[in-house]
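A.B. asks:
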Amino acid sequence: MRGRTLTDVSSQTLAENVAAAALEKKATDVVILDLRKLEAVTDFFVICSGDVDQHVRAIVRHIEDQVKTRLGERVLHREGMESLHWVLLDYVNVVVHVFRPSFREFYRLEDLWGDAKLQRIHEEKDLAITAKPTRRKPTAPASKKTRTAATPRGKTTSGTKTKTGTAKKPAAKETVRKSSVKKTVKKISRKKES
Numbered sequence: 005m006r007g008r009t010l011t012d013v014s015s016q017t018l019a020e021n022v023a024a025a026a027l028e029k030k031a032t033d034v035v036i037l038d039l040r041k042l043e044a045v046t047d048f049f050v051i052c053s054g055d056v057d058q059h060v061r062a063i064v065r066h067i068e069d070q071v072k073t074r075l076g077e078r079v080l081h082r083e084g085m086e087s088l089h090w091v092l093l094d095y096v097n098v099v100v101h102v103f104r105p106s107f108r109e110f111y112r113l114e115d116l117w118g119d120a121k122l123q124r125i126h127e128e129k130d131l132a133i134t135a136k137p138t139r140r141k142p143t144a145p146a147s148k149k150t151r152t153a154a155t156p157r158g159k160t161t162s163g164t165k166t167k168t169g170t171a172k173k174p175a176a177k178e179t180v181r182k183s184s185v186k187k188t189v190k191k192i193s194r195k196k197e198s
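Written as structure tokens, this is what we have:
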């Protein structure tokens with residue numbers, strides 16, 4: 005790896021997840037270029053195409069969302085969102101290129117990096133990843149409070165149902181807020197009078 009990602013995700017896993025996300029949004033001609041054996045500034049290029057501007061935008065947003073959700077990675081740098089002819093997403097070890105077809109044909113990155121190992125992705129099953137890794141969120145510790153009531157709420161031991169009242173904490177908070185506001189207004193009016 006030439007750079008560092010924000011998490012310990014391998015660059016190949018990142019590239020494959022990017023390709024999978026692009027396929028989910030119906031990107032066409034998805035290609036992964038393996039640049040690790042070349043003198044390149046990154047490990048992988050993922051190149052794909054979108055038919056129209058809205059399609060390119062949808063692909064880019066979906067890639068960013070899915071990579072963040074699945075792997076916890078955020079894009080380091082983004083270019084081309086204004087014109088949507090060629091959008092570049094830089095994840096340090098993986099650089100994503102989403103083109104409109106005419107611009108992809110003009111720049112021909114696959115030919116420019118002709119010495120790189122090229123993998124065409126037609127379906128998600130063409131990828132080595134079988135299970136998409138998901139980022140685990142930290143869980144809050146379990147509450148130590150436990151209910152020790154012997155009978156369910158609303159019932160008495162004799163079996164007749166009792167009326168349960170609801171707590172009026174929100175109203176109490178509202179009263180406190182109103183009184184503190186009134187105090188502040190009084191202070192301000194006193195200062196103005198003096």
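In this text, residue positions in the sequence shown follow my numbering: the first is 5, and each later residue adds one.
Note that CB positions come from ideal geometry on N, CA and C, so glycine has one too.
According to DSSP, is R82 part of a helix, a strand, or is it coil?
C.D. replies: Position 78 of the sequence shown holds residue 82. DSSP places R82 in strand when its eight states are reduced to three.
A.B. asks: Can the beta-carbon of E114 be found less than 8 Å from the beta-carbon of I36?
C.D. replies: Your numbering for residue 114 matches position 110 in the sequence shown. Your numbering for residue 36 matches position 32 in the sequence shown. No.
A.B. asks: Is the number of C-beta pairs between the stretch 103-117 and the stretch 48-62 that are closer than 8 Å three or more?
C.D. replies: yes
A.B. asks: When the Cα atoms are used, what is the spatial distance from L39 to L18?
C.D. replies: Here residue 39 refers to the residue found at position 35 of the sequence shown. Here residue 18 refers to the residue found at position 14 of the sequence shown. Cα-Cα distance, rounded: 14 Å.
A.B. asks: Would you call the CB atoms of V100 and V22 closer than 8 Å?
C.D. replies: Against the sequence shown, residue 100 aligns to sequence position 96. Against the sequence shown, residue 22 aligns to sequence position 18. Contact: yes.
A.B. asks: Chain B beta carbons: is any one of them nearer than 8 Å to that of V45?
C.D. replies: Structure shown: chain B not included; a single protein chain is present.
A.B. asks: Thinking C-alpha only, which one of H89, V64 and T73 is nearest H81?
C.D. replies: In the sequence shown, counting from the first residue as 1, residue 81 sits at position 77. Checking every option, the nearest Cα to that of H81 belongs to V64.
A.B. asks: Can you grab the Cα-Cα spacing for the pair K72 / E20, in whole Å?
C.D. replies: As a position in the sequence shown, residue 72 is number 68, starting the count at 1. As a position in the sequence shown, residue 20 is number 16, starting the count at 1. So the two alpha carbons sit approximately 14 Å from each other.
A.B. asks: In this structure, does DSSP put D69 in helix, strand or coil?
C.D. replies: The residue labelled residue 69 in the question sits at position 65 within the sequence shown. Of the three classes helix, strand and coil, the one that applies to D69 here is helix, per DSSP.
A.B. asks: Can you tell me whether T46 is helix, strand or coil according to DSSP?
C.D. replies: Mapped onto the sequence shown, residue 46 falls at position 42. Residue state, collapsed to three classes: coil.
A.B. asks: Is I125 closer than 8 Å to L131 when the C-beta atoms are compared?
C.D. replies: Within the sequence shown, numbered from 1, the residue matching residue 131 stands at position 127. Within the sequence shown, numbered from 1, the residue matching residue 125 stands at position 121. Yes, these two residues count as a Cβ contact at 8 Å.
A.B. asks: Per DSSP, what kind of secondary structure is D33 in: helix, strand or coil?
C.D. replies: As a working mapping, residue 33 is identified with position 29 in the sequence shown. DSSP places D33 in strand when its eight states are reduced to three.
A.B. asks: If I follow the unbroken alpha helix (DSSP H) through D115, where does it start and stop?
C.D. replies: For the purposes of this step, residue 115 is taken as the residue at position 111 of the sequence shown. Run containing D115: L113 to L116, per the alpha helix (DSSP H) assignment.
A.B. asks: Let's test the definition: count the other Cβ atoms within 10 Å of the Cβ of E68 and tell me whether it reaches 16, buried, or not, exposed.
C.D. replies: The residue labelled residue 68 in the question sits at position 64 within the sequence shown. E68 should be labelled buried.
A.B. asks: Does the beta-carbon of K29 have 16 or more other beta-carbons within 10 angstroms, so that it is buried, or is it exposed?
C.D. replies: Your numbering for residue 29 matches position 25 in the sequence shown. By the neighbour-count rule (16 or more Cβ atoms within 10 Å), K29 is buried.
A.B. asks: Is T46 closer than 8 Å to V13 when the C-beta atoms are compared?
C.D. replies: Here residue 13 refers to the residue found at position 9 of the sequence shown. Here residue 46 refers to the residue found at position 42 of the sequence shown. Contact flag unset, no.
A.B. asks: Nearest by alpha-carbon distance to Q123: which of L42, F48, A31 and E43 is it?
C.D. replies: Counting from 1 along the sequence shown, the entry for residue 123 is found at position 119. Among L42, F48, A31 and E43, the Cα nearest to that of Q123 is on F48.
A.B. asks: In the DSSP assignment, the alpha helix (DSSP H) including L27 goes from what residue to what residue?
C.D. replies: On the sequence shown, position 23 is the one that residue 27 refers to. Where L27 is concerned, the enclosing alpha helix (DSSP H) stretches over S15 to E28.
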